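Undergrad: Following this message is one structure expressed as structure tokens.
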Amino acid sequence: MFGSLVSRDGVTGRLVRRFRCTAGRLGATGFNLVFPGRCERCEVELDGIDDGVLLCDDCRLLLGPKAWPGCPRCGAADGTNADPDFGCDVCRGKRYWFDRVTPLGGYHQGLRDVVLQMKHAAHDSLSRAMGRLLALRRRGPLTDLRLDLIVPIPMYWSRRVTRGTNSPEILATAIGQSLGVRVDSRVLSRCRNTLLHNELSQQMRFRNVRGAFRLSPGRLEKGSRILLVDDVLTTGATCSEAASVLKKAGAEMVAVAVIARTEGRQAT
Ligand SMILES: [Zn+2]
Ligand SMILES: [Zn+2]
10 MFGSLVSRDG VTGRLVRRFR CTAGRLGATG FNLVFPGRCE RCEVELDGID DGVLLCDDCR
70 LLLGPKAWPG CPRCGAADGT NADPDFGCDV CRGKRYWFDR VTPLGGYHQG LRDVVLQMKH
130 AAHDSLSRAM GRLLALRRRG PLTDLRLDLI VPIPMYWSRR VTRGTNSPEI LATAIGQSLG
190 VRVDSRVLSR CRNTLLHNEL SQQMRFRNVR GAFRLSPGRL EKGSRILLVD DVLTTGATCS
250 EAASVLKKAG AEMVAVAVIA RTEGRQAT
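Quick note: the sequence shown uses the numbering used here, first residue 10, plus one each step.
Take a look at the structure:
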């Protein structure tokens with residue numbers, strides 16, 4: 010509405026955009042219908058939304074298919090012969106400490122670009138929208154997990170300072186708000202800075218994250234059912250290591266939710 014009245018490059022335009030961001034954070038259904046804002050990905054003006062996800066219909070379909078046909082154990086898109094407990098041809102025989110993986114989608118061009126944008130603080134509102142979209146699209150399987158707690162994969166402090174943002178934490182908060190599940194980003198901490206995984210082999214990735222996470226005393230109840238949240242899952246090394254710390258501390262079940270599941274070596 011305001012986009013047609015003021016220049017989006019001017020001071021007034023920036024104020025309007027900031028107000029829209031605030032409106033998106035509020036996520037209030039009636040408010041968004043009156044003052045819908047723009048799609049966080051393609052910036053098209055939204056006609057009106059009633060679920061707090063500031064993404065247009067085209068972006069929703071591109072970024073988050075309505076159902077994920079992959080393997081429930083490892084999340085692989087090509088989850089041929091998948092069984093919830095024994096896995097698929099991709100993961101059978103591999104040992105993970107997590108029990109389930111629920112991705113929003115595969116690591117295709119659209120999601121890849123979004124994941125890269127989410128690493129920058131300027132796109133925090135996009136991260137928030139993606140967390141809400143994941144909760145919306147995967148509400149069924151996530152609700153079936155009977156979750157007690159949501160925990161983001163922690164980022165080492167120096168990386169967080171360099172980036173100025175922490176997308177797993179923003180995603181986890183948005184998912185928790187949408188599902189009505191408590192989020193605690195202090196359950197786990199990263200006690201050393203690990204190498205970026207892009208150039209590491211599968212075996213090296215598991216070795217690289219060994220011992221990288223520490224449990225904060227007194228923050229985890231035994232028997233908890235936990236959802237770990239990260240932006241991307243490739244080999245599962247990072248999430249498996251984090252899940253091992255939670256399981257050894259008495260968690261009953263640890264599942265993983267990610268924006269993108271990749272099976273190549275393109276991401277961490
Ligand atoms: Zn869009
Ligand atoms: Zn599998």
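Don't be surprised by glycine CBs; every beta carbon is placed ideally from N, CA and C.
The structure displayed is predicted, hence computed values, not measured ones.
Could you give the distance in angstroms between the alpha-carbon of R146 and the alpha-carbon of L242?
TA: Rounded to the nearest angstrom, the two C-alpha atoms are 18 Å apart.
Undergrad: Leaving out five residues on either side along the sequence, give the residues of the same chain with a beta carbon under 6 Å from the beta carbon of N41.
TA: Unreliable placement is indicated for N41, whose pLDDT of 47 sits below 50; the coordinate value is still reported in the next sentence. I58, listed in sequence order.
Undergrad: Less than 8 Å between the beta carbons of D92 and V263, yes or no?
TA: Against a cut-off of 8 Å, the Cβ pair of V263 and D92 comes out as no contact.
Undergrad: Does ligand 1 have even one heavy atom less than 7 Å from the beta-carbon of D7?
TA: No information on residue 7 is available, as it lies outside the stretch 10 to 277 that the chain covers here.
Undergrad: Is L71 near G119, with beta carbons less than 8 Å apart?
TA: Yes, these two residues count as a Cβ contact at 8 Å.
Undergrad: Anyone know if the C-beta pair for G88 and L143 falls short of 8 Å?
TA: No, Cβ-Cβ distance for G88 and L143 is not below 8 Å.
Undergrad: Could you give the uninterrupted runs of the beta strand (DSSP E) lying entirely in the stretch 238 to 272, keeping only those of 3 residues or more?
TA: With a minimum length of 3 residues, the continuous beta strand (DSSP E) runs that stay inside the stretch 238 to 272 are 262 to 270.
Undergrad: For the alpha helix (DSSP H) that R121 lies in, which residues bound it at each end?
TA: Per DSSP, R121 belongs to the alpha helix (DSSP H) from 118 to 126.
Undergrad: Closer than 7 Å by C-beta to C80: which residues in its own chain qualify, once you throw out the five before and the five after it? Chain order, please.
TA: If we look at C80 and ignore the five residues flanking it on each side, its Cβ neighbours are G88, A91, G96, C97, V99, C100.
Undergrad: Would you mind sorting V53 into buried or exposed? The rule is 16 or more other CB atoms within 10 Å of its CB.
TA: Under this definition V53 is an exposed residue.
Undergrad: Between A183 and G140, is the Cβ-Cβ spacing less than 8 Å?
TA: Contact: yes.
Undergrad: Inspect the beta-carbon positions of F222 and A251 and report whether they are closer than 8 Å.
TA: A contact, by the Cβ cut-off of 8 Å.
Undergrad: Would you say the beta carbon of L63 comes nearer than 7 Å to a heavy atom of ligand 1?
TA: L63: no, Cβ never under 7 Å from ligand 1.
Undergrad: In the DSSP assignment, find the beta strand (DSSP E) that holds R109 and state where it starts and stops.
TA: Its beta strand (DSSP E) spans residues 109 to 115.
Undergrad: Quick one: any contact between the stretch 244 to 259 and the stretch 119 to 138, if contact means 3 or more CB pairs under 8 Å?
TA: Not touching, per the Cβ criterion.
Undergrad: Is any heavy atom in ligand 2 found nearer than 7 Å to the beta carbon of A85?
TA: Yes, since a heavy atom of ligand 2 falls inside the 7 Å radius drawn around the Cβ of A85.
Undergrad: From L63 to V170, what distance separates their C-alpha atoms?
TA: Whole-angstrom Cα-Cα distance: 27 Å.
Undergrad: If P112 and V267 are in contact, beta carbons under 8 Å, what's the gap, nearest whole angstrom?
TA: Sure, about 5 Å apart at Cβ, within 8 Å.
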